[in-house]
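A short worksheet on the structure shown next.
Residue numbers (my numbering): -18 to 217.
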């Protein structure tokens, strides 16, 4: 491991310098924990297609695609063209716009299960709103999720990663085992009247990129429905 780290440091001195500079103004030198690793993360200067170019001039193949959110790769020409046109027209105002309605129509047309949508600024915001809605509808407070799952920065969602959280957050979360329907069914059978929502990733991201089986999802959904809890699918 030491040799690997030494080689990395030899090849990326500009990234080391960029990280040191960022740390003078940004907590930890990075506003995205998933993009940090020791001894320091790469600093990327530009990207096209599946190729990343670091500040040291070295090229890398992007195998992450922003954790699947970047479906069209980097600098995809139609997206660059559309964004460039819109920037000239303005980017943000406190009023409605026609494009969100058009996008909603496309999503509803393409995805049979979607009847209506609410756009958010991040996955964390969507996860927070989903649990808030579930709590308002059910009058319950607790959530059931998979251990090592990730649904955003709400403290109840962080219990699986940070078990030392304060009790008022930790005690609001039950943890099942990904792809083990029985573990979820048992928790719902015993504590279902406390649980507002069951939140699951069809493909667990931060926990290791593990796909859920169809049987697992169907069984957990059925158990959630029987308990009167909302079944929330968190998919990027």
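Each residue gets a CB set at the ideal place from its N, CA and C atoms; glycine is no exception.
What do you get for residue 27, buried or exposed, if any count of 16 or more other CB atoms within 10 angstroms of its CB means buried?
Classification of residue 27: exposed, given that the 10 Å Cβ count is below 16.
Tell me the rounded alpha-carbon separation between residue 120 and residue 67.
Whole-angstrom Cα-Cα distance: 42 Å.
Grouping DSSP H, G and I as helix and E and B as strand, with all else coil, what is residue 33?
The answer is strand: DSSP assigns residue 33 an E or B state.
For the putative contact between residue 109 and residue 135, defined by C-beta atoms under 8 Å, what is the C-beta separation to the nearest angstrom?
The Cβ separation is near 5 Å, so the contact holds.
Going by beta carbon distance, what residues of the same chain come within less than 7 Å of residue 217, once the five residues before and after it are set aside?
Only 48, 49, 50, 104 and 186 meet the Cβ criterion.
Measuring straight from C-alpha to C-alpha, what distance separates residue 77 and residue 97?
Approximately 17 Å, taken between the alpha carbons.
What does DSSP give as the partner residues of residue 154 in its beta bridges?
Its beta-bridge partners are 124.
With DSSP collapsed to three states, give me the class of residue 64.
If DSSP states are grouped into helix, strand and coil, residue 64 belongs with the helices.
Here's the rule: buried if 16 or more other CB atoms are within 10 angstroms of the residue's CB, otherwise exposed. What is residue 197?
The residue is buried, with at least 16 neighbouring Cβ atoms inside 10 Å.
Just the Cα atoms here: how many angstroms apart are residue 99 and residue 32?
C-alpha separation (whole angstroms): 33 Å.
Does the region 69 to 84 come within contact of the region 12 to 25, defined as at least 3 CB pairs closer than 8 Å?
At 8 Å Cβ cutoff, the stretches do not touch.
Could you say which of 154, 195 and 164 lies nearest to residue 177 if we only look at CA atoms?
When only C-alpha atoms are compared, the closest one is 154.
Suppose you measure from the CA of residue 215 to the CA of residue 60; what does that come to, to the nearest Å?
Straight-line Cα distance between these residues: approximately 25 Å.
Give the DSSP-derived three-state secondary structure of residue 26 in the structure shown.
Residue state, collapsed to three classes: strand.
Ends of the alpha helix (DSSP H) at residue 114?
Here the alpha helix (DSSP H) through residue 114 covers 104 to 119.
Excluding five sequence neighbours on each side, which residues of the same chain lie with their C-beta closer than 8 Å to the C-beta of residue 39?
Excluding positions up to five away in sequence, the list reads -8 and -7.
DSSP three-state call for residue 191: helix, strand or coil?
Three-state result, residue 191: strand.
Would you decide whether residue 17 is buried or exposed? Buried here means 16 or more other CB atoms lie within 10 Å of its CB.
Residue 17 comes out exposed.
Where residue 75 and residue 132 are concerned, what is the direct C-alpha to C-alpha distance, given to the nearest angstrom?
Straight-line Cα distance between these residues: approximately 28 Å.
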